[in-house]
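In short: position in the sequence shown from 1, add 8, done, that's my numbering.
Report on the following structure.
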Amino acid sequence: MNARLFAVIIAMIVACVPQVMVKVPYAPEQAKSTDFLALLALPVVLLMCRYRGYAKRIALVSLLAVGFAVTVMSLRMLLDDNRHLYLLDTPQLGRLFSIHVPLFLVAAMPLDRKWLTRCLIVFGTLAVAVTLIIATLYHFGSTAFDAHQTFQRDGGELFHRLGGLQGETGAFAFNATVGIQILLAGLAMAGRKRLFWIGLWCVLPVYLAFIYHESLVRVSVLNTLVFFAFSVLGVNHSAAKSRFAMRGFVLLGAMLVLLLSVTEYPILDVEIERANMDGNLNQLSSGRVAHWIAGIEQTFDSPTYAIFGMGYRAPEFVLGHPVENFFVFHLATYGLLGSALFFALYGVLAWPTVRSALRGDFASGIFTAMMLAVVMQWQVNDVNLYYQTFPVLLFFSAWFASINWQENASRESGSTVVAKTADV
9 MNARLFAVII AMIVACVPQV MVKVPYAPEQ AKSTDFLALL ALPVVLLMCR YRGYAKRIAL
69 VSLLAVGFAV TVMSLRMLLD DNRHLYLLDT PQLGRLFSIH VPLFLVAAMP LDRKWLTRCL
129 IVFGTLAVAV TLIIATLYHF GSTAFDAHQT FQRDGGELFH RLGGLQGETG AFAFNATVGI
189 QILLAGLAMA GRKRLFWIGL WCVLPVYLAF IYHESLVRVS VLNTLVFFAF SVLGVNHSAA
249 KSRFAMRGFV LLGAMLVLLL SVTEYPILDV EIERANMDGN LNQLSSGRVA HWIAGIEQTF
309 DSPTYAIFGM GYRAPEFVLG HPVENFFVFH LATYGLLGSA LFFALYGVLA WPTVRSALRG
369 DFASGIFTAM MLAVVMQWQV NDVNLYYQTF PVLLFFSAWF ASINWQENAS RESGSTVVAK
429 TADV
């Protein structure tokens with residue numbers, strides 16, 4: 009039990025400790041305190057050799073994916089024409105490790121929903137409380153939070169945007185959104201459906217309206233809409249597999265239509281300017297479409313890039329801009345080979361939970377809604393690079409996947425025994 013507590017504490021530290029920026033000698037990039045604190049997880053990784061069940065599969069795929077990314081970066085530092093830029097980018101390798109460390113801690117977790125439920129509720133409650141405190145202090149003029157973005161509208165009026173760390177202005181809204189979703193997932197897993205629905209219909213809109221008002225966010229609204237709609241339409245009932253899948257596809261189509269058409273309605277005092285829809289999707293996406301096209305073209309211009317990718321965080325200095333798309337990011341960063349490894353990793357994290365959701369499990373359905381909402385936002389944000397709740401989302405997803413895998417295996421073995429008995 010001590011090992012389990014230690015693993016949970018380290019996972020929470022990696023994701024929750026204030027992200028103190030540390031200047032690395034001879035490097036323009038800045039590392040975060042958690043990149044060094046992640047090293048505390050090494051004893052768990054080394055001592056937890058008795059990987060069992062699905063945790064062993066998660067650890068193996070994680071090791072292959074992260075090991076591939078580190079190998080490509082190391083070779084580029086030695087052989088690439090831009091090796092001096094890769095050398096300056098070395099602090100990002102610490103970031104890559106710290107983001108995925110929680111996946112190796114799942115082996116120390118009990119395959120018990122009660123433990124997972126407690127951790128979800130505790131983390132979610134703390135995340136919501138801290139978020140509200142920061143947003144409230146910022147709203148009333150506190151100068152303690154200076155990591156925000158200031159921009160000027162066409163009329164000349166200045167706006168201040170509560171963000172995350174410097175240069176990471178979308179992190180605060182993403183963390184706030186996922187934090188309350190984790191709390192709601194904990195309530196769903198605890199069987200407190202009444203509290204869950206009160207939170208979804210009453211608390212979530214008010215809470216996020218306040219957060220989004222302070223952060224002037226637009227993209228995270230898509231995350232919230234997907235989570236809310238999928239929770240209501242997809243898992244409100246113990247639906248059959250076909251009904252669950254049909255609602256999911258209908259919802260995805262509706263969200264795409266919403267993203268492309270509804271652009272002139274105000275969100276509180278944040279006005280989303282009307283885009284010229286005469287084929288100008290690049291304007292609607294704030295220039296992202298042009299970045300996606302450039303990323304794909306640059307990747308396939310070189311056979312080496314196409315197979316192995318440019319290297320972790322390398323597209324930012326190779327292309328001169330971030331990619332901000334789930335598929336293009338993996339393709340440009342890891343190439344076809346590395347993308348296959350990372351997609352396999354996300355698949356082993358999601359499939360057991362999705363499978364349980366298709367069978368009508370309420371908690372698995374809510375967790376599926378949360379994962380789907382994050383993936384939808386991932387189409388226009390690189391949420392995997394520095395958003396502090398992303399590592400803890402990986403951790404909880406891996407833990408729940410291990411539990412669901414064991415439950416599904418037990419259910420299937422029981423069904424097999426019953427079938428054989430019936431045949432006899």
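Built from N, CA and C at the ideal position, the CB exists for glycine as well.
Under 8 Å Cβ to Cβ from residue i, same chain only, skipping five residues before and after it: list those, please.
i, result
"Leu-91", "The identity of residue 91 in the sequence shown is Arg, whereas the question assumes Leu. Within the same chain, Arg-91 has close Cβ partners Arg-84, Met-85."
"Phe-350", "Ala-73, His-338, Tyr-342"
"Thr-397", "Ala-23, Ala-135, Phe-182, Asn-183, Val-186, Gly-187, Ile-190"
"Ser-421", "none"
"Thr-361", "Ser-372, Phe-375, Thr-376, Met-379, Ser-405, Phe-408, Ala-409, Asn-412"
"Leu-208", "Leu-192, Phe-236, Ser-239, Val-240"
"Arg-65", "Val-356"
"Phe-334", "Val-383, Trp-386, Gln-387"
Just to confirm, is the Cβ distance from residue i to residue j under 7 Å?
i, j, result
"Thr-125", "Ala-63", "no"
"Leu-357", "Ile-315", "no"
"Ala-377", "Phe-238", "yes"
"Phe-182", "Leu-192", "no"
"Leu-119", "Gln-385", "no"
"Val-445", "Val-227", "Outside the displayed range of the chain (9 to 432) lies residue 445, so it cannot be described from this structure."
"Ser-70", "His-108", "yes"
"Leu-393", "Pro-110", "no"
Could you tell me how far apart the beta carbons of residue i and residue j are, in whole angstroms, since I believe they sit closer than 8 Å?
i, j, result
"Phe-325", "Leu-104", "The pair is not a contact, with the Cβ atoms about 16 Å apart (cut-off 8 Å)."
"Thr-307", "Ala-340", "5 Å"
"Leu-212", "Phe-180", "Contact flag wrong, Cβ pair sits at about 17 Å."
"Ala-365", "Val-234", "Not confirmed; about 15 Å, so no contact."
"Tyr-320", "Met-81", "5 Å"
"Gly-346", "Ala-137", "Not confirmed; about 38 Å, so no contact."
"Val-214", "Tyr-220", "Not really, about 11 Å apart at Cβ, beyond 8 Å."
Give me, in chain order, the residues of the same chain whose beta-carbon lies closer than 6 Å to that of residue i; leave out the 5 immediate sequence neighbours on both sides.
i, result
"Asp-277", "Confidence at Asp-277 is low in this model, with a pLDDT of 38, below 50, so its placement is unreliable and no value can be given for it."
"Arg-419", "none"
"Thr-429", "Interpretation of Thr-429 is limited by its pLDDT of 37, a score under 50 that renders its predicted location unreliable; no figure is taken from the coordinates."
"Val-432", "Low local confidence applies: a pLDDT of 38 at Val-432 is under 50, so the model's placement there is unreliable, and no value is given."
"His-329", "His-299"
"Trp-359", "none"
"Asp-162", "At Asp-162 the pLDDT is 46, less than 50, meaning the model places this residue with poor confidence; the figure from the coordinates comes in the next sentence. So the list is empty, once near-sequence residues are dropped."
Excluding the 5 residues flanking residue i on each side, which residues of the same chain have their C-beta closer than 7 Å to its C-beta?
i, result
"Asn-231", "Thr-185, Ala-381, Val-382, Met-384, Gln-385"
"Thr-133", "Leu-191"
"Gly-303", "Pro-323, Leu-327, Val-331, Val-336, Ala-340"
"Asp-88", "Tyr-94"
"Lys-318", "Here the sequence assigns Met to residue 318, which means Lys is not the residue at that position. So the qualifying residues of the chain are Val-326, Ala-340, Thr-341."
"Glu-305", "none"
"Tyr-34", "Residue placement at Tyr-34 cannot be trusted, given a pLDDT of 49 that sits under 50; the coordinates are not used to answer."
"Val-426", "No answer about Val-426 holds up, because its pLDDT of 40 lies below 50 and its placement is not dependable."
Inset, instruction - For the segment 196-212 and the segment 363-371, state whether three or more C-beta atom pairs, one from each stretch, are separated by less than 8 Å. - result: Yes, since at least three Cβ pairs between the segment 196-212 and the segment 363-371 fall closer than 8 Å, the two stretches touch.
Inset, instruction - Write down every uninterrupted run of the alpha helix (DSSP H) in the segment 324-389 whose length is 4 residues or greater and which is fully enclosed by it, in chain order. - result: Entirely contained in the segment 324-389, the alpha helix (DSSP H) runs reaching 4 residues are, in chain order, 334-366, 370-386.
Legend entry - Complete alpha helix (DSSP H) runs within the segment 201-240 (minimum length 4 residues, chain order): Within the segment 201-240, the runs of alpha helix (DSSP H) at least 4 residues long that lie entirely inside it are, in chain order, 201-206, 212-223.
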